[in-house]
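K.L.:
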Amino acid sequence: MTPTIRPTLQSLRNRPTLHQVCEPWGRLELKLETEDTRYWITTEGVSKKTSGTPINYVIDYVTVEKLSEDGSWDLKAVYSPEAWKLSQAFDYCQILHQDLNRINAALETHFSWDLVR
844 MTPTIRPTLQ SLRNRPTLHQ VCEPWGRLEL KLETEDTRYW ITTEGVSKKT SGTPINYVID
904 YVTVEKLSED GSWDLKAVYS PEAWKLSQAF DYCQILHQDL NRINAALETH FSWDLVR
């Protein structure tokens, strides 16, 4: 599986809303749906984490759902804006690690100065 880099919070904000869920706690907007992942942004709710408020109702938090084997969507994680940036950095590291492994494997089977460069 090739890792992908999560979209930036700003790029999610700029996308059109595909669906929205409004509840007394606030509003979540579905901004991106891929084959197996949904990205929601909280656009109305509390401005910071508070006791008794569900974490995915904090404004600008990103809620991620994954498609399960039975075809239903499961809540996988809720990220603060800061944690979202860190998760993107992790995505980049995963891609770099895979590239490095691929290059090292290629060099072990057939050394090439072009590949080293």
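Counting in the numbering used here, the sequence shown runs from 844 upward without gaps. We put the beta carbon where it would ideally sit given N, CA and C, even for glycine.
Go through its chain and collect everything with a Cβ distance to Glu876's Cβ below 8 Å, but skip five positions before and after it.
P.N.:
Your numbering for residue 876 matches position 33 in the sequence shown. Only Leu861 and Tyr882 meet the Cβ criterion.
K.L.:
Which residue marks the beginning of the alpha helix (DSSP H) containing Asp942, and which one marks its end?
P.N.:
On the sequence shown, position 99 is the one that residue 942 refers to. First-last of the alpha helix (DSSP H) with Asp942: Pro924 to Thr952.
K.L.:
Please classify Asn947: is it buried, with 16 or more other beta-carbons within 10 angstroms of its beta-carbon, or exposed?
P.N.:
As a position in the sequence shown, residue 947 is number 104, starting the count at 1. Label assigned to Asn947: exposed.
K.L.:
Is the Cβ-Cβ distance between Tyr922 and Tyr900 less than 9 Å?
P.N.:
Stepping through the sequence shown from its first residue, residue 922 is reached at position 79. Stepping through the sequence shown from its first residue, residue 900 is reached at position 57. For Tyr922 and Tyr900, no; Cβs fall outside 9 Å.
K.L.:
Which whole-angstrom value is the C-beta distance of Thr906 and Leu871, which I expect to be below 8 Å?
P.N.:
As a first step, residue 906 is located in the sequence shown; it is residue number 63 there, counting from the start. As a first step, residue 871 is located in the sequence shown; it is residue number 28 there, counting from the start. About 6 Å separates the two Cβ atoms, so the contact holds.
K.L.:
Taking only runs of the beta strand (DSSP E) that begin and end inside the segment 865-916, which ones reach a length of at least 3 residues, in chain order?
P.N.:
Listed in chain order, the complete beta strand (DSSP E) runs (minimum 3 residues) inside the segment 865-916 are 869-876, 880-887 and 905-910.
K.L.:
Going by CA-CA distance only, name the one from Thr886, Phe954 and Ile902 that's closest to Trp863.
P.N.:
Translated into the one-based positions of the sequence shown, residue 863 becomes position 20. This sequence places Gln at residue 863; Trp is not what is there. For Gln863, the nearest C-alpha among the options comes from Thr886.
K.L.:
Is Leu918 closer than 9 Å to Asp879 when the C-beta atoms are compared?
P.N.:
Counted from its first residue, the sequence shown places residue 879 at position 36. Counted from its first residue, the sequence shown places residue 918 at position 75. Cβ atoms of Asp879 and Leu918: not closer than 9 Å.
K.L.:
Do you know how far the Cα of His953 is from the Cα of Glu925?
P.N.:
The residue labelled residue 925 in the question sits at position 82 within the sequence shown. The residue labelled residue 953 in the question sits at position 110 within the sequence shown. For Glu925 and His953, the distance between alpha carbons rounds to 42 Å.
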